[in-house]
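Numbering (the numbering used here), first residue to last: 339 to 568.
Contents: one structure, followed by commentary.
Rendered as structure tokens:
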């Protein structure tokens, strides 16, 4: 038989229309699958849900609302310690510290130094040191307060004297040195404070004689006979 050109054109147009509808259906199905993926929440790591802000049937979708839940991986904890400026120049042997918590006061944990902030906070005059603590057994809880004991080590020798030997005034700190039975005021800069002992830096030498209980009333140039404390 004979097929008219108009019939061929009509059939072709119908095919193109059906093809467009088919492609539209594929696109719609793909978009539905994407919507379905929104119902699945995938985290980039394992952990424990520590806080849940929704229940079954809750409506979600407002970006300004609280997160659905909080997931924590507590296998390794991170501790931020503000170290006073005066201690930041000292070394930390093995880059470790001893850690205790209020929930486990009789148990010590090892914390390893992994990072220093590299700057001093203007408000607190301290530098943040970050430590990591292995917590595979989950004994430690995230957010707990901790007491950290750091064993500092100077890279060079320094002087440690009785705290009572250091005199503090509005202008300066000094110790009273006795040389040839005559007192001298020696300006010092404080280092580590160890309770009844104080680390100091100044124009001192090993073997110098210092007044054990210094005070401002003992003026420089005063003659005296020192009694060596044992």
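We treat Cβ as the ideally placed atom computed from N, Cα and C, and that holds for glycine.
Distance CB(residue 513)-CB(residue 553) smaller than 8 Å
By 1-based counting over the chain shown, the position of residue 513 is 175. By 1-based counting over the chain shown, the position of residue 553 is 215. For residue 513 and residue 553, no; Cβs fall outside 8 Å.
Exposed or buried, residue 346, counting other C-beta atoms within 10 Å across all chains shown (16 or more means buried)?
Here residue 346 is taken as the residue at index 8 of the chain shown, counted from 1. Of the residues assessed, residue 346 falls on the exposed side of the cut-off, its CB having fewer than 16 other CB atoms within 10 angstroms.
With a Cβ-Cβ cutoff of 8 Å, do residue 473 and residue 428 count as a contact?
Within the chain shown, the letter at position 135 stands for residue 473. Within the chain shown, the letter at position 90 stands for residue 428. Result no, Cβ atoms of residue 473 and residue 428 do not sit closer than 8 Å.
Could you tell me which residues DSSP puts in a beta bridge with residue 410?
Locating residue 410 in the chain shown gives position 72, where the first residue counts as 1. Answer by DSSP bridge pairing, in chain order: 386.
Residues in its own chain within less than 8 Å of residue 536 by CB, not counting five upstream and five downstream?
Working through the chain shown from its first residue, we reach residue 536 at position 198. Cβ neighbours of residue 536 beyond the five flanking positions: 498, 499, 500, 501, 503, 504, 528, 529, 530.
Tell me, please, whether the region 440 to 452 touches the region 474 to 494 by the rule of three or more beta-carbon pairs shorter than 8 Å.
yes
Sequence-distant residues of its chain with Cβ nearer than 8 Å to residue 546 (five each side left out)
Sequence index remark: in the chain shown, residue 546 carries index 208 (1-based). Closer than 8 Å at Cβ, skipping near neighbours: 515, 517.
Give, in chain order, every unbroken run of the alpha helix (DSSP H) that is at least 4 residues long and sits entirely within the region 491 to 518.
none
On a Cα-Cα basis, can you pick out the residue from 407, 403, 380 that is closest to residue 390?
Against the chain shown, residue 390 aligns to sequence position 52. When each option's Cα is compared against that of residue 390, the closest is 407.
Can you tell me which of 436, 565, 362, 344 puts its alpha carbon nearest to the alpha carbon of residue 490?
The sequence position of residue 490 within the chain shown is 152, counting from 1. Ranking 436, 565, 362, 344 by CA distance to the CA of residue 490 puts 436 first.
Taking C-beta to C-beta, are residue 394 and residue 467 nearer than 8 Å?
Taking the chain shown and counting its residues from 1, one reaches residue 394 at position 56. Taking the chain shown and counting its residues from 1, one reaches residue 467 at position 129. No, they are not a contact pair.
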